[in-house]
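To start, the structure itself, in structure tokens.
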Amino acid sequence: MNYNSLKYSARVWLSTIAFAPAIFCAGVFFDKSAGGNQASTFVTFYLLFAFYEFVFSLITWLVFWIIVELITWLIGSNIIRKTLLTFVSVALTVATFRIFPLFESFSLSDSFCDLMLINCACIGLGCWLFTPEPETALSPTNQYPGETWKSYGPTTNDHTES
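Basically our numbering = 1-based index in the sequence shown + 89.
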């Protein structure tokens, strides 16, 4: 059975981009007082981190998509598939954070380590939240999803004249 791996991997990736920066920024801003302009500062930092994550994880998402293709093709059990995808996605997230020279002074007390851990949690949860859906192919027996064609036999004129 073919699965829509592109749709699944994009959902997992984009949900991580949407939620991880929000959780990170909420933790930073509600932990420290940012003054009277806290809401606009929160939104600015959220958009900055979301853009940063989008740009720097684009290649990681493409690799994740290929791995999703392979795992859905090779593994039949949904639980094993999701478990493997969780481990792979977390490893790819850690690798993405470790690749860039910005994180050379990486330590567990660093706030970027917190961002990485939040990303790992979000992408891991996303692997379990979403399910790779089978692709639906249009065929003569299923031309419209949700509808089936019924065979009524040859068309004849049933009108009889009396």
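Just so you know, even glycine gets a beta-carbon here, dropped at the ideal spot from N, CA and C.
- Counting along the chain, N93 sits inside no alpha helix (DSSP H), nor does DSSP assign it H or E at all.
- Here F219 carries a coil assignment [DSSP, helix/strand/coil].
- A distance below 9 Å separates the beta carbons of P110 and F134.
- Distance from the Cα of C216 is smallest, within the candidate group T172, M205, L204 and L137, for T172.
- In this structure, S200 sits away from V132, with a CB-CB distance that is not shorter than 9 Å.
- Contact between F138 and C114 holds, since their C-beta atoms are separated by about 7 Å, short of 8 Å.
- Boundaries cannot be given for F189, as no alpha helix (DSSP H) includes it and DSSP labels it neither H nor E.
- Shown here, I164 sits in coil according to DSSP, grouped into three states, outside any helix or strand.
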